[in-house]
Amino acid sequence: MKRAVYPGSFDPITNGHLDIIKRAAKVFDEVIVGVLVNVEKKGLFDIDERVKLIERVTKSLSNVKVRSYDGLLINLMKQEEAKVIIKGLRAVSDFEYEFQMALMNNKLDSTIETVFMMTNAQYSYLSSSAVKQVAKFGGCIKELVPDEIIPDIMIKIGE
Ligand code: PNS
């Protein structure tokens with residue numbers, strides 16, 4: 215079985231993330247969305263909320279699972295018996311950081327490969343941070359995130 219992990223912070227999941235998940239789910243038998251528990255950074259959503267939002271928007275994808283992890287990504291890979299990391303690339307500016315992470319993960323475990331998928335051009339400007347800023351200052355986040363999580367974001371921003 216070809217199983218891949220798509221890791222990230224997903225605070226919150228965007229349409230760009232969802233596009234990569236859907237495309238990856240066509241290429242791999244199983245895709246595990248790995249949500250990093252980052253103790254150093256307080257997010258908009260806590261880890262359980264992020265996992266639930268992703269589960270909600272991927273519920274029609276039968277080969278997609280969502281798991282949270284802390285520490286090293288390669289530990290999640292071992293736990294889930296996956297050998298492929300999927301990352302989305304939006305622009306050249308993403309490359310340096312992603313290149314470094316891919317090499318580091320391969321150094322930590324040489325059996326791990328990172329596969330990059332080009333973002334859909336439609337979402338090349340999109341990030342979770344931008345979504346949070348737009349929502350915070352009253353802009354419209356329709357088409358930036360899945361419709362079914364817009365109310366959750368608006369409630370959180372208002373808290
Ligand atoms: O959505 P993000 O914040 O760009 O995702 C980055 C993420 C979570 C994939 C990456 O920071 C990660 O996996 N961190 C866990 C620590 C780790 O494994 N580091 C080794 C590679 S440098």
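In the numbering used here, the protein residues as written are 215 to 373. By construction, the Cβ of each residue, glycine as well, lies at the ideal position given by its N, Cα and C atoms. This one's a predicted model, so the numbers in the text were calculated from it and none came from an experiment.
Start and end residues, alpha helix (DSSP H) containing residue i
i	result
Val241	229-241
Ala344	342-350
Pro365	364-372
Leu322	306-322
Leu287	287-293
Glu269	261-271
Distance cut-off 7 Å: residue i Cβ against heavy atoms of the ligand PNS
i	result
Gly222	yes
Met315	yes
Ile268	no
Met318	yes
Ile288	yes
Leu258	no
Leu250	yes
Residue i Cβ short of 7 Å to the ligand ADP heavy atom set
i	result
Leu340	Of the ligands this structure carries, namely the ligand PNS, none is the ligand ADP.
DSSP beta-bridge partners of residue i
i	result
Val249	Gly222, Ser282
Lys356	Val359
Arg217	Glu244
Endpoints, beta strand (DSSP E) assigned at residue i
i	result
Glu327	327-332
Leu303	298-303
Whole-Å CB distance - residue i paired with residue j, under 8 Å assumed
i	j	result
Ile326	Ile288	6 Å
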